[in-house]
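J.:
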Amino acid sequence: MKEEMKSCEERVKKLLEMTPPKGKDFLHSIEHILEREKNWVWWKRDGCPPFEKQSMEKKAVQDGPKKRRPRWRLGNKELSQLWKWADQNPNALTDPQRVRTPAITEYWKPLADDMDPSAGIEAEYHHKNSRVSFGY
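Numbering (my numbering), first residue to last: 1351 to 1486.
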């Protein structure tokens, strides 16, 4: 009977592993859940003993010095390169050519043009209705 159960379990695992799109990940999740359930059953069988946490002093000694985490990869080579350049040249972020506040007249000029009746711009095409320019 045990052998039949083992062979059945192996067949189910193979079928789950072959299931698209992420069969291996799904199988890993199922195995993890079943392992947790087994631990819970054993805990209940033993009369639900309380959990004992390690003291903070022991835990700190076991952990040792904190390791520095590796830098976050930004998804592609170009973004990672830009991130490195910003670290190497902090003045790039404050360059007046790059960062400037537009004059109020320059900022509101497209809206004033939209409101001019001689321009003949229909209301649906006004800049105030643009999701790109005035979306919050």
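From the three backbone atoms N, C-alpha and C, an ideal C-beta is built for every residue, glycine too.
Three-state secondary structure (DSSP) at C1398?
T.: The residue labelled residue 1398 in the question sits at position 48 within the sequence shown. If DSSP states are grouped into helix, strand and coil, C1398 belongs with coil.
J.: Looking only at its chain, what residues have a beta carbon closer than 7 Å to the beta carbon of L1461, apart from the 5 residues adjacent to it on each side?
T.: Residue mapping note: residue 1461 aligns to position 111 of the sequence shown, counting from 1. Excluding residues within five positions, the ones whose Cβ falls inside 7 Å are H1477, K1478.
J.: Mind reading off the beta-carbon distance from E1367 to K1374? Whole number of angstroms is fine, and I expect it under 8 Å.
T.: As a working note, residue 1367 is residue 17 in the sequence shown. As a working note, residue 1374 is residue 24 in the sequence shown. Confirmed, about 6 Å.
J.: CA-CA distance, W1433 and M1465?
T.: By 1-based counting over the sequence shown, the position of residue 1433 is 83. By 1-based counting over the sequence shown, the position of residue 1465 is 115. So the alpha carbons of these two residues sit roughly 42 Å apart.
J.: What residue range is occupied by the uninterrupted alpha helix (DSSP H) comprising I1471?
T.: By 1-based counting over the sequence shown, the position of residue 1471 is 121. Neither: I1471 is in no alpha helix (DSSP H) and is coded neither H nor E.
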